[in-house]
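*Asks:* Dumping the structure here so I can ask a few things about it.
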Amino acid sequence: MATDDTPTPARTLSQQEIGDLLNLAIPAHLATLDPAGFPRVIPIWFLWEEGIFYLSSGPRSRHVQDLARDPRAGLCITVEEGQTEAGYRPFRQIMVRGYAHVQPDTDEIWARKLILKYITGPAGMLRAQRIAGEPLVVIVLRPERFLTTGFFPVT
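For the sequence shown, numbering that gives the first Met the number 0 begins at 0 and goes up steadily by one.
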């Protein structure tokens, strides 16, 4: 039985931890509903700006077609640390759900921002130049529910 001074290993994330996690160049996992109503989950790059998630994709992607039919979506961002000596795997996680809107990515503005977040330096600039003129869409997800959790066991 834990005493009052024993820290609990699971807790919500602080605002600093949330910001740090959202700024990492790691993929999120986007969940959509396929035509039969089953979840479709894909890894996807994301940007977080002013309380909104932005994701870029091709207009014919299955997840984009799913969202055009049913805008309900979920997004999960997780970082798991290495195993501790006691056999735990600490993690930080953000889970959101909301309604996504798909719109044209005029002039590839969002795709370029995403590329430069995930691919730094000259390689990112070259990759951003290569997408010029490609038909792309931006998925805009305003979270209606935003949950965070972290597991930080004392070893």
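By construction, the Cβ of each residue, glycine as well, lies at the ideal position given by its N, Cα and C atoms.
Because the structure is a prediction, the values reported are computed rather than measured.
Can you tell me which residues form a DSSP beta bridge with His28?
*Replies:* Position 29 of the sequence shown holds residue 28. Bridge partners of His28: Pro42 and Cys75.
*Asks:* In chain order, what residues of the same chain lie with their CB nearer than 6 Å to the CB of Pro89, ignoring the 5 residues before and after it?
*Replies:* The residue you call residue 89 lines up with position 90 of the sequence shown. Counting only Cβ-Cβ distances below 6 Å, and skipping sequence neighbours, we find Glu80, Phe150 and Phe151.
*Asks:* At the level of alpha carbons, what is the spacing between Thr148 and Pro38?
*Replies:* For this step, residue 148 is matched to residue 149 along the sequence shown. For this step, residue 38 is matched to residue 39 along the sequence shown. Separation of Thr148 and Pro38 (C-alpha to C-alpha, rounded to the nearest whole angstrom) is 22 Å.
*Asks:* Can Pro103 and Val136 be called in contact, C-beta distance under 9 Å?
*Replies:* Residue numbering aside, residue 103 sits at position 104 when the sequence shown is read from its first letter. Residue numbering aside, residue 136 sits at position 137 when the sequence shown is read from its first letter. Contact flag set, yes.
*Asks:* Just to confirm the assignment, what range does the alpha helix (DSSP H) spanning Ile130 have?
*Replies:* To locate residue 130, count along the sequence shown from 1; it is residue 131. Segment: none, Ile130 is in no alpha helix (DSSP H) and carries neither H nor E.
*Asks:* Sort Ala85, Ala131 and Asp69 by Cα distance to Glu107 and report the nearest one.
*Replies:* One-based indexing of the sequence shown puts residue 107 at position 108. For the residues Ala85, Ala131 and Asp69, the minimum Cα distance to Glu107 belongs to Ala131.
*Asks:* Can the beta-carbon of Val78 be found less than 9 Å from the beta-carbon of Leu23?
*Replies:* Looking up residue 78 in the sequence shown gives position 79. Looking up residue 23 in the sequence shown gives position 24. In contact: Val78 and Leu23 (Cβ atoms closer than 9 Å).
*Asks:* Within the segment 94–132, note down every full beta strand (DSSP E) run reaching 3 residues or more, in order along the chain.
*Replies:* Runs of the beta strand (DSSP E) spanning 3 or more residues and lying entirely within the segment 94–132 do not occur at all.
*Asks:* Suppose the cutoff is 8 Å on Cβ atoms and the five residues either side in sequence are ignored; what does the same chain contact list for Lys116 look like?
*Replies:* If you number the sequence shown from 1, residue 116 lands on position 117. Same-chain partners within the cutoff: Ala24, Trp44 and Leu46.
*Asks:* For Ser56, count the other beta carbons within 10 Å of its own beta carbon; 16 or more makes it buried, fewer makes it exposed. Which is it?
*Replies:* On the sequence shown, residue 56 is found 57 positions in, with the first residue counted as 1. Around the CB of Ser56, 16 or more other CB atoms lie within 10 Å, so the residue is classed as buried.
*Asks:* Where does Ala9 fall in DSSP's three states?
*Replies:* As a working mapping, residue 9 is identified with position 10 in the sequence shown. Ala9 falls in the strand class under three-state DSSP.
*Asks:* Taking all protein chains shown into account, decide if Asp65 is buried (16 or more other Cβ within 10 angstroms of its Cβ) or exposed.
*Replies:* Translated into the one-based positions of the sequence shown, residue 65 becomes position 66. Residue burial is scored here from C-beta neighbours: Asp65 has at least 16 other C-beta atoms within 10 angstroms and is therefore classed as buried.
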